[in-house]
DNA sequence: TCGTTTACAATGCGATCGCATCGTAATAGC
DNA sequence: GCTATTACGATGCGATCGCATTGTAAACGA
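And the structure:
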């Protein structure tokens with residue numbers, strides 16, 4: 007009963023489509039994202055896109071989850087490259103620089119996230135997926151700050167929860183600032199470093 | 007040549023429509039915003055909406071500019087109510103609490119802003135209008151922080167530009183957190199106060 | 001080889017979009 | 001009263017959307 011004709015790497019095809027979607031989001035903005043446009047950007051027929059994603063929502067969900075994976079892998083790669091010390095401060099900085107839309111592909115990923123947020127506002131299933139990863143990142147931030155406190159780098163009077171919120175806000179909002187060209191990536195990074203230096207005193211980050 | 011039949015308060019009508027648009031954005035999300043839906047929400051015919059706004063973009067632009075005015079007036083009202091001291095810290099807090107989507111109407115206004123941001127990504131004319139007010143608020147933040155430094159409340163080592171960026175980020179991102187129900191208004195306000203207390207030492211805010 | 005299953009293309013359908021057009025009612029100046 | 005102008009409603013048009021349907025080529029299992 008197991009017939010396997012014309013074997014094609016499903017995952018690779020889906021990734022292709024997701025990347026076309028991301029590219030399209032970065033260049034044409036979020037309104038240019040239709041099944042037809044994505045297909046054209048990916049250089050395939052619309053029917054083929056439909057073959058790999060039954061609905062548009064399924065495609066968006068896949069692209070966003072893929073985005074999260076890419077972020078995660080990027081952060082791991084930075085930390086395991088050995089170029090950075092494994093201090094909480096360095097890890098936090100690695101996360102920030104990975105997430106922020108510092109280049110063109112980052113811009114696409116960022117706008118993908120915004121598009122997803124838009125959907126999540128009125129669509130419960132999207133909201134669930136959107137909400138999923140947030141507390142984890144939040145907790146991670148707080149954990150790293152607490153480790154900084156235990157190491158004596160972060161002042162005991164600092165509140166890890168509030169500081170996490172500020173850090174999250176910095177990533178969230180400054181990314182938007184870059185996309186809108188209100189601030190340059192350099193300016194944003196310097197503000198991030200300013201904040202981290204204040205929080206961690208003068209403890210080395212790398 | 008000046009014939010004025012059926013005199014109708016144009017501004018009031020446009021405000022009505024803008025409020026229907028905001029209401030619709032808050033409840034149905036940003037995708038429910040079409041000329042037909044706005045007309046239905048406002049309880050008028052679609053032709054009438056078209057009569058007051060030649061294009062959809064004109065309607066959106068009006069609604070967003072109106073939003074800015076409402077914010078501005080709200081902040082002025084708070085400051086002139088006499089319930090708050092005119093310290094930089096109090097003014098900053100007033101701005102934050104005015105902008106943040108703490109209630110249902112605030113939610114609508116917030117989502118309006120996001121919708122506008124989306125358009126601004128790919129539409130230059132929207133981008134211009136969106137970019138317009140940002141540097142001013144930024145400069146205001148920096149000015150107030152500098153005043154705090156001159157008054158001796160804010161540490162001299164604090165960088166007004168970076169601190170402004172953090173403050174802006176707090177407003178920007180935490181608003182989204184409230185809309186997505188990741189954090190409650192109370193939690194957000196406590197983080198704002200935490201930050202302001204840190205920045206202004208223990209100087210009184212009210 | 002034959003049949004089943006998958007990969008992919010092409011097209012059509014109903015819904016909805018923004019916008020234009022047309023018609024009508026009401027009110028001003030002449 | 002007549003006319004110009006405005007307020008407002010109704011409808012239609014072309015474009016585009018997501019999605020369903022259909023057709024065809026290819027490749028595996030039997």
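Protein chains in written order, with this note's numbering: chain A, 7 to 212; chain B, 7 to 212. Here a beta-carbon is modelled for each residue, glycine too, at the ideal position from N, C-alpha and C.
Residue environment analysis places residue 42 of chain A among the exposed positions, since fewer than 16 neighbouring C-beta atoms fall within 10 angstroms of its C-beta. Counting the other Cβ atoms within 10 Å of the Cβ of residue 141 of chain B gives fewer than 16, which makes it exposed. Under the 9 Å criterion on CB atoms, residue 25 of chain A is classed as non-interfacial with respect to chain B. About 18 Å separates the beta carbons of residue 48 of chain B and residue 71 of chain B, which is beyond the 8 Å limit, so they are not a contact pair.
Of all residues in the segment 166-179 of chain B, only 168, 171, 172, 174, 175, 176, 178 and 179 come within less than 7 Å of chain A when Cβ atoms are compared, listed by chain position. For the segment 106-134 of chain B, the residues whose beta carbon sits under 9 Å from a beta carbon of chain A are, in order, 117, 120, 121, 123, 124, 125, 126, 127, 128, 129 and 133. Among the CB atoms of chain B, none fall inside 9 Å of the CB of residue 82 of chain A. In its chain, beyond the 5 residues on either side, 94, 95, 160 and 206 have a beta carbon closer than 7 Å to the beta carbon of residue 154 of chain B. Excluding residues up to 5 positions away in sequence, 183 lie with their Cβ nearer than 6 Å to the Cβ of residue 189 of chain B in the same chain. Annotation for residue 187 of chain A: no residue places its beta carbon closer than 6 Å to its own, counting only its chain and skipping 5 residues before and after.
The closest CA to that of residue 180 of chain A, considering only A:115, A:107, A:124 and A:20, is found on A:107.
Sequence-ordered contacts of the segment 48-65 of chain B with chain A are nonexistent [C-beta pairs closer than 8 Å]. Per DSSP, residue 63 of chain A is one residue of the alpha helix (DSSP H) stretching across 62-86.
Contact check for residue 59 of chain B and residue 65 of chain B: beta-carbon distance about 4 Å, within the 8 Å limit, so the pair qualifies. The continuous alpha helix (DSSP H) containing residue 178 of chain A extends over residues 166-185. Residue B:102 holds the alpha-carbon nearest to the alpha-carbon of residue 146 of chain B among B:102, B:76 and B:62.
Under the three-state reduction of DSSP, residue 92 of chain A is assigned to coil, being neither helix nor strand. Excluding five sequence positions before and after residue 111 of chain B, none of the CB atoms of its chain fall closer than 7 Å to its own CB. Against chain A, the beta carbon of residue 186 of chain B has neighbours under 9 Å at 123, 126, 127, 133, 136, 137 and 140, listed in chain order. Here the C-alpha atom of residue 165 of chain B lies approximately 14 Å from the C-alpha atom of residue 195 of chain A. DSSP places residue 21 of chain A within a helical segment (H, G or I) once states are collapsed to three. Three or more beta-carbon pairs separated by less than 8 Å are not found between the segment 72-84 of chain B and the segment 73-82 of chain A, which leaves the two stretches without contact. With fewer than 16 other Cβ atoms inside 10 Å of its own Cβ, residue 88 of chain A counts as exposed. Not one beta carbon of chain A lies nearer than 9 Å to the beta carbon of residue 145 of chain B. Contact residues of the segment 26-43 of chain A toward chain B are 34, 35, 36, 37 and 38 (C-beta to C-beta distance below 8 Å).
Contact between the segment 133-140 of chain A and the segment 20-39 of chain B is absent, with fewer than three C-beta pairs closer than 8 Å.
In this structure, the CA atom of residue 124 of chain A is about 30 Å from the CA atom of residue 199 of chain A.
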